[in-house]
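K.L.:
Residue numbers (the working numbering), protein chains in the order written: chain Y, 244 to 792; chain S, 4 to 312. Structure incoming, see below.
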C-alpha cells in the first residue's frame with residue numbers, strides 16, 4: 244500500500260515490526276524483499292512520487308571543502324531517491340576489496356566476498372542489469388578482445404565489462420509491487436527528523452517524522468532501518484544525540500572515513516592499428532555494457548595498488564580539435580544540462596582546453612549529417628528507448644583514446660561528514676563534507692599508471708603515453724565521483740573499530756540497522772549501487788530470520 | 004507378475020505421446036492403445052476401461068471438452084465392475100489469481116476464465132471418485148510442448164518477447180515434460196496416494212523474465228530484447244485478435260506450410276506478473292520426483308526447436 248502522510252489519522256498509532264527510512268535503491272529493494280514476509284513493514288519517504296525541487300534543495304543543501312560538490316548535488320527528495328537520476332552503471336566489488344590489505348590502512352571488511360556474492364545475482368535483477376557475468380567471454384560470446392591482440396595476462400585484465408541498468412528508477416519500477424503489498428505500507432511526505440531512545444535503554448524506541456502538513460508524528464517498531472543515503476543516514480545519527488556525540492559514535496568513527504571514488508582523465512592509449520572495442524555493446528541478455536581494464540589481485544598486492552579501473556574515454560568536449568559535431572553541439576548546449584551532467588563535460592580535473600565558440604560552430608556546420616544521425620540515435624536509443632544508451636561516446640579524430648581512471652580511496656579518518664550550526668526548515672542541522680585524496684593514494688595511482696604503461700607497451704598492439712611530469716599534479720587534482728557517499732558508518736568486527744556490525748546493526752543500538760553505502764569500510768573502484776542493493780537483500784534475509792513467525 | 008494394463012487417453016498430444024512411449028517399453032505396464040475412443044463419450048469409455056487397471060487421462064482441449072471428458076470418464080469408472088485408478092491431468096490454473104507459496108490445500112478458484120473453470124469442475128468431478136490421483140502441473144516446457152516452448156520460441160526469435168521488466172516479475176512455475184511423464188508413471192504405480200492431488204513444478208522457479216532471457220540465449224535470439232509495457236499491451240490487445248483470426252482461418256484452410264505469427268494472448272500479461280509459487284514438496288516426498296535442471300532442460304528444448312524449424 245502507498246499513501247501520503249496527510250492521509251494518516253492522528254489517532255491511529257503507527258506501529259510496525261520493521262520501519263525503513265528512505266526509498267532509494269536500498270530502501271525499496273529491502274521493502275520489496277520483505278513483501279509477503281508475514282510481518283508489518285513501514286517505509287517512510289520524505290518526498291512524494293514526483294520530485295520536490297524546493298525540498299531537495301532545502302533538505303540537502305550544505306557545505307563542502309573543494310573540490311567536493313555541494314552535498315545537495317546528486318540527491319533527490321522523491322520516491323525512488325537518487326535512482327531517478329543515476330547513470331545506471333552496475334559493477335560488483337572484487338574479492339580483494341574485502342581483504343585486509345596491509346598497504347591500505349583501515350582496509351578489510353568483517354564479512355567476506357562470499358557473504359555478499361550470493362546476493363549479487365538478485366541485486367542485478369533488481370537493477371535490471373541482466374546476468375551476474377562481467378566477462379567478455381561470458382557476456383559477449385564471439386566478440387573480440389578489448390584491444391585486439393591483447394589477452395588478459397597476470398597483471399592487466401582487459402576483458403572485463405561493466406553493465407548498465409536501464410537506468411532503473413526504483414520508484415517507478417517497484418511502485419506497483421509495493422502498492423499491491425499487503426504487509427508493506429509506504430508513507431510518502433514523511434520526513435524522518437529524529438531517532439528516539441527510551442531513557443536508560445540502548446534500543447531505538449521510535450522515530451519522529453514530519454508530515455506534509457508540518458505535524459510531527461511517531462513510528463514505533465521493533466527494528467528500524469536507515470536507508471536514506473550515505474549522507475542523510477549519517478546526518479540523522481549525528482543529530483540523534485542531544486549531547487552532540489551522535490548515536491553509534493562511542494568510538495568516534497561516525498561520519499569519518501568518508502570516501503567517494505576519485506577519478507581523472509590522463510594519458511592516452513594509442514592502438515598500433517589494432518582494433519579497439521570502445522563503444523557500448525549489448526550483452527547476450529540485452530544489457531548495455533562497456534569494456535574496462537583492471538589489475539589482477541596479485542598485481543595489486545605486489546605493487547601496493549588501490550583497486551582502480553581504467554576506461555577508454557572520449558576527447559574533451561571543450562577542445563574543438565576533436566572535430567566532432569556531436570561533441571561541439573553538446574558543448575554549446577551545456578548551459579541547458581543538469582548540473583550533474585555539466586560536470587562530465589570537463590575532463591575531470593584537467594585544465595580545460597577551451598576552444599572558441601566559432602570553432603565549435605564550424606564542427607557543427609561541417610558535420611551536420613552526422614549530427615542528424617546522432618539526433619535520431621539519441622531519440623530512439625536514448626530518450627524513447629526503455630533500455631537507454633547510457634551516454635554518448637565519440638572517438639578521437641586521431642585514433643587515440645584518452646584514458647579515464649577511477650579509483651578506490653584509502654579510508655581517512657580526516658575525511659568526514661559533520662554537522663554545521665545551520666538548520667533546514669525542519670530544524671535538522673546541515674551537513675559539511677570534508678573530502679580529500681591523500682598523498683599515498685596519489686602515489687598509488689602513479690604506480691598504477693606506470694604499471695599499465697609497462698604492461699601495455701610490452702605488446703606490439705598498442706602503447707600508453709602520458710606526461711610523466713604532470714602525472715602527480717594531475718592526479719592530485721582528481722575530483723570525487725558525484726553521488727558516491729561511502730564509509731561514514733563503517734562496518735567492523737567490533738565497536739572499537741566501526742559503527743555497525745556484520746549484520747549492519749548499529750553497535751550501540753541493536754535494533755537500528757543501516758542499509759547504505761555508508762557501511763562500506765572500503766570503496767572499491769566499483770559504483771556502489773549494486774553492492775548497496777546486495778547488502779539490502781542480505782539485511783532483508785537477516786530481518787526475516789529474526790522476525791518471521 | 005502380470006503387468007498393469009494402462010490406458011492413455013490423449014496419447015496423440017504432447018503429454019500423452021511421450022507417456023505412451025515410455026509405457027510401451029516398460030516392463031511393468033501393458034499399454035492399451037485405443038486411439039479410436041472419443042474421450043467425452045461415456046459408453047465408448049466404459050468399453051475402453053473394461054479390464055484396464057489404470058487410466059492416464061492426458062486430455063487437453065476446449066473447456067467444454069475438458070468438462071465433458073471428466074463427466075464421461077469418471078462416470079464410466081464409477082460404473083465399472085472393477086474401477087481403475089485414474090491419474091488425471093489438471094493444471095495450476097485451478098488456484099486462480101492468487102499469489103504466494105501455494106500447496107495442495109489451497110482452495111480451488113474459477114476466476115481465471117472458462118478454461119480454469121473447466122479444470123476446477125473436472126477436479127470436483129474427479130474428487131468424488133476414490134481412485135483418482137490429480138496432477139496439477141505448472142507450465143510444461145520441453146521438446147514438443149506447444150504452449151511454453153514452441154510458441155515462446157517463436158515469439159523470442161521474432162523479438163516480440165524478451166525481458167518484460169516489471170511485466171515479467173511473476174514466477175514461472177516450470178515443469179519439464181520428462182518430469183511430468185515421470186510424475187504420471189509414479190502416480191500410476193505408487194501405493195497409498197489415491198484421492199490426493201500433487202503440485203508439479205520445479206523448486207525455486209525463475210521469474211518469467213529469467214525464463215525468457217535464458218531461453219532466448221539458448222535459442223541464440225540475442226541480444227534479448229527489452230519489451231516495454233506499452234509494446235506488450237499493443238501485442239496483447241491490438242495484434243492478438245487479428246492474429247488469432249488468422250490462425251483459425253489457416254487451420255480451417257488446412258494450411259500446413261504457412262502459419263501466422265502466434266498471437267500473444269492477454270492472459271500471458273497477467274500470468275507473467277502473478278507471484279504464485281507452486282509448492283511441490285509432496286510430489287518429491289510421495290512420488291519421489293526429482294527435477295530436470297533448468298539449464299539442461301532449456302538446452303534440450305532449444306536444440307529440438309532449432310532442429311525442427
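Where a beta carbon is used, it is the ideal one built from N, C-alpha and C, also for glycine.
(1) Is DSSP giving residue 106(S) helix, strand or coil here?
(2) Since residue 172(S) meets chain Y, which of its residues come closer than 8 Å, beta carbon to beta carbon?
(3) Rounded to whole angstroms, what's the CA-CA distance from residue 387(Y) to residue 396(Y)? Just pull it up for me.
(4) Would you call residue 339(Y) buried or exposed, if buried means 16 or more other Cβ atoms sit within 10 Å of its Cβ?
(5) Which word fits residue 600(Y), buried or exposed, when buried means at least 16 other C-beta atoms lie within 10 angstroms of its C-beta?
(6) Just to confirm, is the Cβ distance from residue 55(S) to residue 8(S) under 8 Å?
(7) So what does DSSP say about residue 570(Y), is it helix, strand or coil?
(8) Please determine, among 486(Y), 274(Y), 501(Y), the residue with the shortest C-alpha to C-alpha distance to residue 418(Y).
(9) Taking Cβ-Cβ distances shorter than 7 Å, what residues in chain S pair up with residue 772(Y)?
(10) Helix, strand or coil for residue 138(S)? Go by DSSP, reduced to three states.
(11) Report the three-state DSSP secondary structure of residue 313(Y) (helix, strand or coil).
(12) Give the DSSP-derived three-state secondary structure of residue 224(Y) in the structure shown.
(13) Find the nearest neighbour of residue 52(S) within the set 11(S), 66(S), 178(S), judged by alpha-carbon distance.
(14) Does the contact criterion of 3 or more C-beta pairs under 8 Å hold for the region 201 to 215 of chain S versus the region 510 to 524 of chain Y?
(15) So for residue 55(S), helix, strand or coil by DSSP?
(16) Would you mind giving the Cβ-Cβ distance between residue 287(Y) and residue 452(Y), rounded to the nearest angstrom? I have them listed as a contact below 8 Å.
(17) Which residue or residues does DSSP assign as beta-bridge partners of residue 648(Y)?
(18) For residue 173(S), which residues of its own chain have a beta-carbon under 6 Å away from its beta-carbon, when the five flanking residues on both sides are left out?
(19) Let me know if residue 182(S) comes out buried or exposed under the rule of 16 or more other beta-carbons within 10 Å of its beta-carbon.
(20) With DSSP as the reference, please indicate the residues paired to residue 144(S) in a beta bridge.
(21) Considering only their Cβ atoms, is the gap separating residue 502(Y) from residue 729(Y) smaller than 8 Å?
(22) Report all residues from its chain with a CB closer than 6 Å to the CB of residue 19(S); omit the five preceding and five following residues, and keep chain order.
(23) Report the option in 80(S), 37(S), 188(S) whose CA atom is closest to the CA atom of residue 31(S).
(24) Give every residue of the same chain whose Cβ lies closer than 6 Å to the Cβ of residue 42(S), excluding the five residues on either side of it in the sequence, and list them in chain order.
(25) Is the number of C-beta pairs between the region 223 to 242 of chain S and the region 155 to 173 of chain S that are closer than 8 Å three or more?
(26) Residues of the region 38 to 60 of chain S in Cβ contact with chain Y at a cutoff of 9 Å, in chain order, please.
(27) Relative to the alpha-carbon of residue 268(S), which residue among 206(S), 219(S), 155(S) has its alpha-carbon at the smallest distance?
(28) When the Cα atoms are used, what is the spatial distance from residue 614(Y) to residue 572(Y)?
(29) Looking at residue 549(Y): is its Cβ nearer than 8 Å to the Cβ of residue 684(Y)?
(30) Can you name, in chain order, every residue of its own chain whose Cβ lies under 8 Å from the Cβ of residue 642(Y), other than the five neighbours on each side?
(31) Could you check the C-alpha separation between residue 267(Y) and residue 322(Y) for me, to the nearest Å?
(32) Do you know how far the Cα of residue 352(Y) is from the Cα of residue 467(Y)?
(33) Please identify the residue among 676(Y), 552(Y), 556(Y) whose C-alpha is closest to the C-alpha of residue 399(Y).
(34) Start and end of the alpha helix (DSSP H) containing residue 72(S)?
(35) Give me the Cα-Cα distance between residue 336(Y) and residue 619(Y), rounded to the nearest whole angstrom.
(36) For the candidate residues 251(Y), 732(Y), 784(Y), 509(Y), whose alpha-carbon lies nearest to that of residue 365(Y)?
P.N.:
Taking the structure as given:
(1) The three-state reading of DSSP puts residue 106(S) in coil, since its state is none of H, G, I, E or B.
(2) Simply 420.
(3) Their Cα atoms are separated by approximately 16 Å.
(4) With 16 or more other Cβ atoms within 10 Å, it is buried.
(5) Under this definition residue 600(Y) is an exposed residue.
(6) The answer is yes: Cβ separation under 8 Å.
(7) DSSP places residue 570(Y) in helix when its eight states are reduced to three.
(8) Ranking 486(Y), 274(Y), 501(Y) by Cα distance to residue 418(Y) puts 274(Y) first.
(9) Neighbours of residue 772(Y) across chain S, judged by C-beta separation under 7 Å, do not exist; the nearest C-beta is about 18 Å away.
(10) Residue 138(S) falls in the strand class under three-state DSSP.
(11) It is coil, neither helix nor strand.
(12) Nothing can be reported for residue 224(Y): it is not among the residues displayed for chain Y, which extend from 244 to 792.
(13) Cα-wise, what sits closest to residue 52(S) is 11(S).
(14) Below 8 Å, too few C-beta pairs join the region 201 to 215 of chain S and the region 510 to 524 of chain Y to call them touching: fewer than three.
(15) Coil, per DSSP.
(16) Contact holds; Cβ gap of about 6 Å.
(17) Answer is 507(Y), 553(Y).
(18) For residue 173(S), same chain residues with a beta-carbon under 6 Å away, outside a window of 5 residues either side, are 211, 275, 276, 277, 278 in chain order.
(19) Under this definition residue 182(S) is a buried residue.
(20) 179(S), per the DSSP bridge assignment.
(21) Yes, Cβ-Cβ distance for residue 729(Y) and residue 502(Y) is below 8 Å.
(22) Closer than 6 Å at the Cβ level, and outside the excluded window around residue 19(S), lie 11, 13, 61.
(23) For residue 31(S), the closest alpha carbon among the candidates 80(S), 37(S), 188(S) is that of 188(S).
(24) Within the same chain, residue 42(S) has close Cβ partners 12, 62, 72.
(25) The region 223 to 242 of chain S, when compared against the region 155 to 173 of chain S, does touch it at the 8 Å Cβ threshold.
(26) From the region 38 to 60 of chain S, no residue has a Cβ closer than 9 Å to chain Y.
(27) Comparing Cα positions, the closest option is 155(S).
(28) Inter-residue distance for residue 614(Y) and residue 572(Y) is about 8 Å (C-alpha atoms, whole angstroms).
(29) Against a cut-off of 8 Å, the Cβ pair of residue 684(Y) and residue 549(Y) comes out as a contact.
(30) Cβ neighbours of residue 642(Y) beyond the five flanking positions: 513, 514.
(31) It is roughly 7 Å from the alpha-carbon of residue 267(Y) to the alpha-carbon of residue 322(Y).
(32) Between residue 467(Y) and residue 352(Y), the C-alpha separation is close to 23 Å.
(33) Closest by alpha carbon: 552(Y).
(34) Taken as a continuous stretch (DSSP letters only), the alpha helix (DSSP H) holding residue 72(S) covers 66 to 82.
(35) C-alpha separation (whole angstroms): 36 Å.
(36) Taking residue 365(Y) as reference, the option from 251(Y), 732(Y), 784(Y), 509(Y) with the minimal CA-CA separation is 784(Y).
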